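Visitor: Protein chains in written order, with my numbering: chain G, 115 to 364; chain U, 0 to 272.
1. Could you check whether the Cβ of residue 308 of chain G sits closer than 8 Å to any Cβ belonging to chain U?
2. Quick one: does residue 352 of chain G have its CB under 8 Å from some CB of chain U?
3. Using only alpha-carbon positions, find the residue among U:106, U:149 and U:221 that is nearest to residue 127 of chain U.
4. For the putative contact between residue 61 of chain U and residue 84 of chain U, defined by C-beta atoms under 8 Å, what is the C-beta separation to the nearest angstrom?
5. Quick check: is the beta carbon of residue 158 of chain U nearer than 8 Å to any beta carbon in chain G?
6. Among residues of its own chain, excluding the 5 on either side of residue 44 of chain U, which ones have a beta-carbon nearer than 8 Å to its beta-carbon?
7. Got a sec: is the Cβ-Cβ distance from residue 219 of chain U to anything in chain G below 8 Å?
8. Helix, strand or coil for residue 27 of chain U? Go by DSSP, reduced to three states.
9. With a threshold of 8 Å between beta carbons, is residue 212 of chain U in contact with chain G?
10. On the premise that residue 311 of chain G lies in contact with residue 205 of chain G, defined as a C-beta separation below 8 Å, what is that separation, rounded to the nearest angstrom?
11. Is there a Cβ from chain U that is less than 8 Å from the Cβ of residue 362 of chain G?
12. With 16 other CB atoms within 10 Å as the buried threshold, where does residue 348 of chain G fall?
13. Let's see if you can read the secondary structure: which residues bound the beta strand (DSSP E) around residue 95 of chain U?
14. Just checking, does the segment 162-181 of chain U make contact with the segment 118-125 of chain U on the three C-beta pairs under 8 Å criterion?
15. Mind listing the chain U neighbours of residue 277 of chain G? Cutoff is C-beta to C-beta under 9 Å, in chain order.
16. Residue 174 of chain G and residue 250 of chain G: beta carbons closer than 8 Å?
17. Taking Cβ positions only, does residue 266 of chain G come closer than 8 Å to chain U?
18. Rounded C-beta distance between residue 142 of chain G and residue 316 of chain G? I'm assuming under 8 Å.
19. Any beta carbon of chain G sitting closer than 8 Å to that of residue 98 of chain U?
20. Decide if residue 30 of chain U is buried, meaning its Cβ has at least 16 other Cβ atoms within 10 Å, or exposed.
21. Looking at residue 341 of chain G: is its Cβ nearer than 8 Å to the Cβ of residue 208 of chain G?
22. With residue 114 of chain U as the anchor, note down where its beta strand (DSSP E) starts and where it stops.
23. With 16 other CB atoms within 10 Å as the buried threshold, where does residue 214 of chain U fall?
24. Looking at chain U, is there any beta carbon in it that lies within less than 8 Å of the beta carbon of residue 138 of chain G?
25. Could you spell out the range, first to last residue, of the beta strand (DSSP E) harbouring residue 89 of chain U?
26. Which value, in whole angstroms, describes the spacing of the CA atoms of residue 272 of chain U and residue 225 of chain U?
27. Which partner residues does residue 52 of chain U have in the DSSP bridge list?
28. Taking the straight line between their C-alpha atoms, what separation do you get for residue 235 of chain G and residue 222 of chain G?
29. Assuming residue 178 of chain U and residue 269 of chain G form a contact by the criterion Cβ under 8 Å, report the distance between their Cβ atoms to the nearest whole angstrom.
30. Within its chain, find whatever has a CB closer than 8 Å to the CB of residue 77 of chain G; leave out the 5 residues flanking it on each side and keep chain order.
31. Would you kindly check if the distance between the Cβ of residue 207 of chain U and the Cβ of residue 153 of chain U is under 8 Å?
32. By the DSSP assignment, the alpha helix (DSSP H) with residue 74 of chain U in it spans what residues?
33. Of all the residues that make up the segment 155-183 of chain U, which are near chain G by a beta-carbon distance shorter than 7 Å?
34. Would you call the segment 63-73 of chain U in contact with the segment 188-203 of chain U, where contact means no fewer than 3 C-beta pairs closer than 8 Å?
35. Given 7 Å as the limit, tell me if residue 191 of chain U has its C-beta closer than that to any heavy atom belonging to the ligand FAD.
36. Cβ closer than 9 Å: which chain G residues qualify as neighbours of residue 105 of chain U?
Right under this line is the structure:
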């Protein structure tokens with residue numbers, strides 16, 4: 115017997131019109147674990163990317179604002195390099211290129227394999243580096259936007275530059291860039307779909323699997339799309355709610 | 000112009016036992032081609048309340064910021080309590096002081112700003128206790144208790160947990176005065192502290208400053224456009240114009256019997272009001 119997901123059964127007639135395609139959601143529902151696990155993995159990778167990217171971004175932004183010429187040159191090069199290249203290319207370079215860049219069984223190759231043992235880990239590392247470049251720019255703009263009058267007040271109290279950076283510039287800057295930070299998180303969440311190309315079993319992988327296993331492209335991708343949409347919307351809503359709970363404004 | 004009104008002759012030698020609390024001697028400040036201070040000489044004694052008046056652009060605020068070294072100066076010397084501000088003297092030349100030295104010297108002076116400049120992420124009490132805890136290393140509970148006393152003194156004990164965004168301009172400025180007092184400075188610098196306030200809020204801030212001036216515990220240098228305040232609170236009024244001190248003396252003398260044409264012209268604008 116020929117399985118019906120091969121579309122050999124003609125789609126139904128409705129009001130005399132033959133539909134081009136019959137939706138069969140059971141292929142999604144019967145495999146909902148793929149989608150749930152994929153969604154959770156996507157969220158995890160986005161969160162890791164945001165966390166490590168923020169650390170990279172903060173360090174780079176403050177290094178840049180220190181005015182040290184070497185630091186400025188290094189940070190600028192990093193930011194420009196990452197921001198002007200597609201994420202997919204970075205992922206491929208790290209996943210396929212890096213292990214090949216060293217002789218077989220050399221210390222360098224061992225090191226790469228230790229640091230990037232799985233596609234999941236590789237993607238999280240790349241996403242952190244990628245997010246770091248964007249967050250550097252966001253934090254840098256935030257630092258510049260902190261009013262000089264707050265720095266004057268800190269200086270007149272006798273604080274050192276480091277104390278001012280940590281206790282005054284940092285919190286005021288973070289408050290200012292919080293909306294941009296939320297946007298970045300949502301962008302990163304959607305960018306996790308790229309991980310599918312190196313075989314990470316995230317949400318887009320689940321959608322593609324419904325297509326390849328059962329030839330149901332519309333159901334799989336539609337389900338994933340709906341999950342991306344709803345999750346991103348909830349994230350935006352939740353983050354805006356948290357922003358509203360901060361009692362002070364700049 | 001009588002002798003008593005002229006600026007005290009600048010002392011270019013190092014600190015002496017008779018050094019006033021603040022000594023400004025021949026200070027010049029330039030922003031590129033703009034010559035803002037053109038040789039300012041001014042002495043302020045311990046406990047003295049000095050009001051600096053003058054038209055905008057006369058260099059009053061810049062002078063105040065130089066005393067706190069928020070601005071550098073290119074020529075001359077400023078001493079606070081016998082210590083050279085912002086520089087070290089080596090073979091008669093000015094060498095920039097280290098960041099630590101500048102920060103330490105800034106704790107001797109406290110500044111109240113036109114725009115209040117309260118830290119927006121701290122409550123009123125945190126604003127007041129921040130300097131003592133971070134810079135003076137005062138224990139937190141001691142700083143809190145002292146902070147509450149200071150907030151009570153400026154009439155804001157009930158606003159201790161409010162953020163600046165939830166306070167009126169007058170209240171913010173009173174917190175800023177408490178923040179400056181908390182550092183127990185030798186000199187308090189007030190930079191047009193009522194200029195950004197709505198007219199009905201000016202009184203509450205001036206009342207706090209008047210109370211402070213009357214206590215004579217702290218040396219005050221006040222840049223202001225409030226002539227009534229200057230008359231009542233100041234021991235001495237200094238009139239500046241175009242980057243130099245033109246006239247100075249007791250309030251009655253300076254305000255009622257101006258000698259220079261420029262001061263007369265300046266005061267006439269207030270008389271008519």
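Glycine included, C-beta positions come from ideal geometry on N, C-alpha and C.
Bear in mind the structure is a predicted one, so any value in this text is a computation, not a measurement.
Guide: Looking at the coordinates:
1. no
2. no
3. U:149
4. In fact, because the Cβ distance is near 14 Å, the residues do not count as touching under 8 Å.
5. no
6. 19, 20 and 218
7. no
8. strand
9. no
10. 7 Å
11. yes
12. exposed
13. 92-95
14. yes
15. 102, 133 and 134
16. yes
17. yes
18. Wrong, their Cβ atoms sit about 16 Å apart, outside the cutoff.
19. yes
20. exposed
21. no
22. From DSSP, residue 114 of chain U is part of no beta strand (DSSP E); its letter is neither H nor E.
23. exposed
24. no
25. 86-89
26. In this predicted model, residue 272 of chain U has a pLDDT of only 47, less than 50, meaning its place in the structure is not dependable enough to derive any value.
27. U:238
28. 18 Å
29. Not a contact, Cβ separation roughly 14 Å.
30. Residue 77 of chain G lies beyond the range of chain G shown here (115 to 364); nothing can be said about it.
31. yes
32. Counting along the chain, residue 74 of chain U falls outside any alpha helix (DSSP H), though it belongs to the beta strand (DSSP E) covering 74-79.
33. 162, 164 and 182
34. yes
35. You won't find the ligand FAD in this model; it holds no ligand whatsoever.
36. 269, 270, 271, 272 and 273
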